[in-house]
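If you read the sequence shown in our numbering, its first letter stands for residue 1, the second for the next number, and so on.
Remarks on the structure that follows.
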Amino acid sequence: MVMGDLVREVDVVVVGGGPGGYSAAFRCADLGLETLIVDGDGRLGGACLHEGCIPSKALLHVAHVIAEAERARELGVEFGPPQVALDPLRKWKAERVVGKLAKGLAGVARAKKVEVVNGRGVFEGARSLRVEGEAPQTIRFGHAIVATGSEPAALPGVTPGERIMDSTAALEVPDVPERLLVVGGGYIGLELGQVYAALGSRVTLVEMADGLLPGVDPDLVQPLARAVGKQFAEIRLGTRIDGLREVGAEVEAAFGGPPARFDRALVAVGRRPRSAGLGLETTRARVDGRGFIAVDGSCRTDDPRIFAIGDVTGEPMLAHRAMRQGKVVAEVIAGRPAAFDNVVVPAVVFTDPEVAWCGVSEAAARAAGREVKVARFAWAASGRAATLGRADGLTKLVAEAATGRLIGVGLVGPGAGELIAEGALAVENALLAEDVAATIHAHPTLSEGFMEAAESLLG
Ligand code: FAD
Ligand code: NAD
Numbered sequence: 001m002v003m004g005d006l007v008r009e010v011d012v013v014v015v016g017g018g019p020g021g022y023s024a025a026f027r028c029a030d031l032g033l034e035t036l037i038v039d040g041d042g043r044l045g046g047a048c049l050h051e052g053c054i055p056s057k058a059l060l061h062v063a064h065v066i067a068e069a070e071r072a073r074e075l076g077v078e079f080g081p082p083q084v085a086l087d088p089l090r091k092w093k094a095e096r097v098v099g100k101l102a103k104g105l106a107g108v109a110r111a112k113k114v115e116v117v118n119g120r121g122v123f124e125g126a127r128s129l130r131v132e133g134e135a136p137q138t139i140r141f142g143h144a145i146v147a148t149g150s151e152p153a154a155l156p157g158v159t160p161g162e163r164i165m166d167s168t169a170a171l172e173v174p175d176v177p178e179r180l181l182v183v184g185g186g187y188i189g190l191e192l193g194q195v196y197a198a199l200g201s202r203v204t205l206v207e208m209a210d211g212l213l214p215g216v217d218p219d220l221v222q223p224l225a226r227a228v229g230k231q232f233a234e235i236r237l238g239t240r241i242d243g244l245r246e247v248g249a250e251v252e253a254a255f256g257g258p259p260a261r262f263d264r265a266l267v268a269v270g271r272r273p274r275s276a277g278l279g280l281e282t283t284r285a286r287v288d289g290r291g292f293i294a295v296d297g298s299c300r301t302d303d304p305r306i307f308a309i310g311d312v313t314g315e316p317m318l319a320h321r322a323m324r325q326g327k328v329v330a331e332v333i334a335g336r337p338a339a340f341d342n343v344v345v346p347a348v349v350f351t352d353p354e355v356a357w358c359g360v361s362e363a364a365a366r367a368a369g370r371e372v373k374v375a376r377f378a379w380a381a382s383g384r385a386a387t388l389g390r391a392d393g394l395t396k397l398v399a400e401a402a403t404g405r406l407i408g409v410g411l412v413g414p415g416a417g418e419l420i421a422e423g424a425l426a427v428e429n430a431l432l433a434e435d436v437a438a439t440i441h442a443h444p445t446l447s448e449g450f451m452e453a454a455e456s457l458l459g
């Protein structure tokens with residue numbers, strides 16, 4: 001503790017105001033605990049609201065509008081080439097989308113009497129957190145929740161700069177580069193690659209694995225790979241980017257052969273946890289070799305008063321996982337029985353077509369030696385898909401062979417991100433294929449594919 005610091009006592013201090021942190025704090029407040037959030041940016045929303053989920057989905061909506069206008073030609077409706085004005089686009093994203101939601105969160109915090117302190121939190125032991133910044137103070141807490149999230153991983157030996165962007169820089173859309181190199185064919189490379197391609201960039205995507213979205217069911221990835229194969233100028237799989245440097249107004253990349261030149265590069269090679277410099281060594285909390293804070297089934301660290309949630313605790317690094325963990329931890333601190341024991345964390349890649357999945361994939365089930373039945377419903381047979389001019393989708397179910405219990409759901413197609421909610425509900429609640437088959441699904445909707453696939457699993 002520094003002499004002269006303000007010292008305060010609270011029931012719960014939350015370090016980090018992202019989706020994990022604010023969900024935990026709001027629930028703590030609802031449960032009658034005096035709760036304070038310390039955030040290094042002095043605002044709520046974290047990476048998700050300010051440099052992740054929300055701004056990327058706003059830009060993907062723009063890409064979607066452009067793509068739909070192009071597709072309309074097939075239906076006999078012509079709009080002409082899009083005229084994109086970046087200033088109004090950025091203003092809409094920053095003010096009407098992100099700004100509005102940020103104001104909403106600040107309002108909720110006020111209503112729940114959760115104070116947000118602007119500063120960096122550093123632990124000084126198992127009961128005390130020092131806040132560094134414009135209002136230095138020491139907070140003595142009953143419990144602490146670490147929700148410090150993650151940051152973009154850098155390419156070894158590559159210095160980000162004006163033209164070598166991470167996702168945060170790319171979301172600002174500084175311009176529409178004529179030639180954009182995207183390093184990484186994961187979530188961000190594909191989502192933002194499609195945004196820039198829609199805005200008019202010639203996108204070259206380089207992925208070191210043999211396929212896009214490595215680890216995801218190839219049946220689901222294939223329709224997306226076909227789509228980006230048409231939208232992007234080039235896709236180089238099985239190719240690792242080692243060197244990247246700015247040369248004048250260009251970026252030079254080395255991936256075999258003579259160096260290639262681009263106007264900008266987006267590096268999207270994963271994220272790493274923000275656990276360094278948190279003073280955790282003054283507590284009993286443990287950090288693993290990759291920097292993730294180790295937690296048990298209640299998200300408690302090895303220090304019984306300190307919990308950790310969200311990206312800083314491991315994969316999948318998704319906002320809704322962080323939020324659920326936050327709510328669970330609040331219950332645990334309030335003395336209620338709760339655990340982070342969800343069966344599924346659904347995942348959605350918000351590309352066009354969208355890819356979404358939850359539970360056990362066919363490949364994982366077979367690798368584990370589980371006897372499963374697999375159903376595929378191709379959207380070519382869906383009335384609703386036909387009316388949308390989109391027959392490129394697929395609904396895939398994985399069920400236990402002996403019981404018919406659904407253990408995995410995969411989707412690709414427009415709206416897959418919304419449709420996966422039914423899959424998550426079914427798998428989380430151990431529904432049988434016959435339960436889904438006997439549930440009336442509105443016609444004509446894409447959700448009927450779920451029912452049709454389930455019917456095909458019945459004997
Ligand atoms: P964060 O949101 O990272 O928040 C952590 C907060 O802690 C930040 O405000 C930070 O300033 C603060 N902080 C850090 N260290 C300190 C400290 N020492 N003291 C005080 N404060 C500190 N996920 C999805 O589920 N869906 C999506 O569509 C999606 N899209 C994404 C798109 C992009 C481009 C990116 C980059 C990510 C996306 N994600 C998405 C992932 C999602 O953003 C994260 O999983 C989520 O934000 C994690 O929440 P969190 O609460 O763990 O941490
Ligand atoms: P990612 O892990 O999804 O993909 C990174 C890709 O980069 C991998 O396919 C990897 O093989 C490849 N790669 C790594 N090093 C490389 C190299 N040197 N050369 C070529 N390829 C290389 O990571 P991301 O796209 O950066 O996203 C980070 C995380 O953020 C995601 O894993 C996810 O948790 C979260 N996110 C979620 C969403 C969503 O929910 N829709 C959207 C964006 C981000």
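The beta carbon of each residue, even a glycine, is placed where N, CA and C say it ideally should be.
The structure displayed is predicted, hence computed values, not measured ones.
Looking only at C-alpha atoms, which of ARG71, VAL203, VAL114, GLU400 sits nearest to LEU457? GLU400
Compare the C-alpha of VAL122 against each of LEU280, GLY99, LEU31, ALA85 and name the closest. LEU280
Contact shell at 6 Å, judged by CB to any heavy atom of the ligand NAD, ordered along the chain: LEU155, VAL183, GLY184, GLY185, GLY186, TYR187, ILE188, GLY189, GLU191, VAL206, GLU207, MET208, ALA209, PRO214, ARG240, ILE241, ALA268, VAL269, GLY270, ARG271, PRO316, MET317, LEU318, VAL348, VAL349, PHE350
Are the stretch 412–421 and the stretch 389–397 touching by the rule of at least three beta carbon pairs closer than 8 Å? yes
How is MET451 classed by DSSP in three states: helix, strand or coil? helix
Would you call the stretch 183–199 in contact with the stretch 47–61, where contact means no fewer than 3 C-beta pairs closer than 8 Å? yes
Among THR403, ARG384, PRO353, GLY389, which one has its Cα closest to the Cα of LYS373? THR403
CYS358: which of ALA69, ALA209, ALA391, GLU418 sits nearest, CA to CA? GLU418
So, GLY21 versus ALA147, is the Cβ gap smaller than 7 Å? yes
Simplified DSSP assignment, three categories, for LEU181: strand
Quick check: the stretch 329–349 against the stretch 24–33, are at least 3 beta-carbon pairs closer than 8 Å? yes
Could you name each continuous beta strand (DSSP E) segment of 3 residues or more that falls completely within the stretch 249–312, going from the start of the chain to the end? 250–254, 260–262, 264–267, 271–273, 306–308
Does the ligand FAD have a heavy atom nearer than 6 Å to the CB of ARG324? no
How about VAL146: is its Cβ closer than 6 Å to a heavy atom in the ligand FAD? no
Of the listed residues ARG236, ILE164, ALA126, nearest to GLU246 (C-alpha basis): ILE164
The ligand FAD heavy atoms versus the CB of HIS143: any closer than 6 Å? no
Cβ neighbours of ALA339 in the same chain (closer than 6 Å, five flanking residues each side left out): GLY297, SER298
From this set, GLU428, VAL267, PRO273, LEU237, which residue's C-alpha is nearest GLY256's C-alpha? LEU237
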